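Residue numbers (the numbering used here): 164 to 441.
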């Protein structure tokens, strides 16, 4: 009798929990295109459809092509070929070597992605018309985001962020997400105008329910195919439940922010370097 071998997961080498979510989605829906939150409308049943709705929402905010776009922390690189096909000149950066390896294997070779964090990325002034953050801004220091955007965007250039934010803090400094009001205030200080703010929290929260459900359904396969431990998945489930409570209590939210560079400020805040802190 022939023995059927299951091919290794294309997501095995990605960092946890991204590998768990993408592999569970592959097992549940047959493919995992986008590794970000979906925005569920009343009749949406698949995460992929909800994620596509989110991506379409983001792309509808972009100026008409041709224009130059920098996507920061591209994850699996899913949006880059879509932008490229629509005539945009698009560059992606990510500080994650595993994501670079995945993109090189799985995404169109025409896509330009380089191994950089935003902090270390260098390009001539006004190199891009749009800087795009799709659930990556939460991992980057806000001063870095706005200082780089000032340098890389021309006047009237757009800084577009779709992400999770803290809407209020339980105790000062205990939340890992950026406080939404602080981001908006800091943007103004850097000479950016808030063009649009869409609160998408009620559409995004269903993603947490969906991910909890599919990681539970496919738990044994996740352990077997990815080499995860039972403990890792138990902790992931607990983390998801806590996250859900933060949304339900109004501490966390999900939003799309579109900032436009209006002026070049005379002074701008900078992060102190180690030798400046003495």
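We put the beta carbon where it would ideally sit given N, CA and C, even for glycine. All of these numbers come straight from a predicted model, not from anything done at the bench.
| Asked | Found |
| --- | --- |
| Is the stretch 287-307 in contact with the stretch 374-382, if contact means three or more CB pairs nearer than 8 Å? | no |
| Below 8 Å on the Cβ atoms is my contact criterion, and I expect residue 406 with residue 371 to pass it. Report the Cβ-Cβ distance as a whole number of Å. | 6 Å |
| State the start and end residues of the unbroken beta strand (DSSP E) segment that holds residue 251. | Residue 251 -> no beta strand (DSSP E), and no H or E assigned at all. |
| Whose C-beta lies closer than 7 Å to the C-beta of residue 389 among residues of the same chain, with five residues either side of it excluded? | 172, 175, 182, 183, 186 |
| So, at 6 Å on beta carbons, what are the nonlocal neighbours of residue 209 in its own chain, with the 5 sequence-adjacent residues on each side left out? | 192 |
| Is the beta carbon of residue 324 less than 8 Å from the beta carbon of residue 296? | yes |
| Using DSSP bridges, identify the partner residues of residue 416. | 328 |
| Just to confirm the assignment, what range does the alpha helix (DSSP H) spanning residue 407 have? | 393-411 |
| What separation, rounded to the nearest whole angstrom, lies between the Cα atoms of residue 473 and residue 222? | No statement about residue 473 is possible, as the shown extent of the chain runs from 164 to 441 and does not include it. |
| For residue 267 and residue 275, I'd like the C-alpha separation in whole angstroms. | 10 Å |
| Between residue 373 and the rest of its own chain, which residues show a CB-CB distance below 6 Å, the 5 nearest in sequence each way excluded? | 210 |
| Do you know offhand how far residue 164's Cα is from residue 170's? | Caution applies to residue 164, whose pLDDT of 45 falls short of 50 and renders its modelled position unreliable; the value that the coordinates give is listed next. Each residue's alpha carbon lies about 19 Å from the other. |
| Between which two residues does the alpha helix (DSSP H) carrying residue 309 extend? | 305-315 |
| Could I get the ranges of all uninterrupted alpha helix (DSSP H) runs contained in the stretch 336-389, with 4 residues as the minimum, in chain order? | 343-352, 364-380, 382-389 |
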